[in-house]
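Working notes, beginning with the structure itself.
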């Protein structure tokens, strides 16, 4: 399928039309299939995203041996993230009250780099200081995900383990402050901060006898840990595009969860549902169309801003020659 020209992309109506038409084409062709909504929006925009943005990037591998040195620090940052994200969700849905399911969803996703809830990991850098590793989270922009990024994710997953529902229940029932949540998660539940982290094996020495006659000994250092990669920030366009794609995936997943809940209710009253199927199908179509139209408008606005920024950078690099 041919990608639209820059003139088409700069026109918000054209961008909206392209997205809307592709979205509803897929809905009409296979509207009865619940799984189609998970693919609708990503397929609609991925069909004309430049190939340079779709190319696979090298994926870092977690360094499991580094996890014990950073586990307590990761747990403390994780507790802060859980608290802040729950508070943000409360403000987002106000005046409605946050449900335990919504908190569970945050707890399940906060250590998964494929989810927006785990974007905090991309801002962390592992820094070697003497015989310890320290986490710095002061970066203004997200970084490329290398082995350090994957190591923090691995440590986060080890801290959380299978306790995401326990943490969510504690957040929902007790409404703790950050300090109470940190103690519960890092000392009571995961025990990540109950003991002091071991020193990093960076300065081991082998004694080598050089001159036995005068009993002179020398020490030769042997590095046992390779330093991690430097923090490399993403470009603003790259970070924006990744957030956009993640939001599309989350949008599809939310719709699929809604369909599963509806299916459970339908199983309980199968005979009645069969009688009301035409009217329910019509209501489902209206609700789906409304939700997709709203999301299509949001997507088109994001893409328009992203494309304008890309054109502005390109025009600065290649100014038009004077006549």
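Numbering (UniProt numbering), first residue to last: 1 to 323.
We put the beta carbon where it would ideally sit given N, CA and C, even for glycine.
Task: Nearest-angstrom Cα separation, counted from residue 117 out to residue 137 - done: 16 Å
Task: Where the alpha helix (DSSP H) through residue 159 begins and ends - done: 147-160
- [ ] Please report the Cβ distance between residue 197 and residue 68, rounded to the nearest whole angstrom; I am assuming they are in contact, meaning their Cβ atoms lie under 8 Å.
- [x] 6 Å
Task: Environment of residue 162 [buried if 16+ CB atoms lie within 10 Å] - done: exposed
- [ ] State the CB to CB distance for the pair residue 168 and residue 107, rounded to an integer number of angstroms; the pair is presumed to be in contact (CB under 8 Å).
- [x] Sure, about 5 Å apart at Cβ, within 8 Å.
Task: Local conformation of residue 63 per DSSP, three classes - done: coil
- [ ] Pull up the CB-CB distance for residue 80 and residue 142, whole angstroms please, since I reckon it's below 8 Å.
- [x] Not really, about 17 Å apart at Cβ, beyond 8 Å.
- [ ] Compare the C-alpha of residue 146 against each of 232, 305, 244 and name the closest.
- [x] Nearest C-alpha to residue 146: 232.
Open item on the list: Using C-beta distances below 8 Å, list every residue in its chain close to residue 9, excluding the 5 sequence neighbours before and after it, in chain order.
Closed with: The pLDDT assigned to residue 9 is 42, lower than 50, so where the model puts this residue is not dependable, and the model offers no usable value.
Task: Own chain, CB closer than 7 Å to residue 61, minus 5 neighbours either side, in chain order - done: 147, 150
Open item on the list: Let's test the definition: count the other Cβ atoms within 10 Å of the Cβ of residue 47 and tell me whether it reaches 16, buried, or not, exposed.
Closed with: Because residue 47 sits at a pLDDT of 47, beneath the cut-off of 50, its placement in the model cannot be relied upon, and the point is left open.
Task: Given residue 325 as reference, the closest of 128, 111, 127, 126 once Cα atoms are compared - done: Since the first residue shown for the chain is 1 and the last is 323, residue 325 is missing from the structure and cannot be characterised.
Open item on the list: Using only CA atoms, which one of 170, 129, 72 lies nearest to residue 101?
Closed with: Scanning 170, 129, 72 for the CA closest to the CA of residue 101 turns up 170.
Open item on the list: By alpha-carbon positions, which one of 64, 66, 83 ends up nearest to residue 180?
Closed with: 83
Open item on the list: Taking its Cβ as the centre, do 16 or more other Cβ atoms sit within 10 Å of residue 64, making it buried, or is it exposed?
Closed with: exposed
- [ ] Could you spell out the range, first to last residue, of the alpha helix (DSSP H) harbouring residue 164?
- [x] 164-174
- [ ] State the DSSP-derived secondary structure class of residue 308, mapped to helix, strand or coil.
- [x] helix
Task: C-alpha distance - residue 76 paired with residue 177, whole-angstrom precision - done: 13 Å
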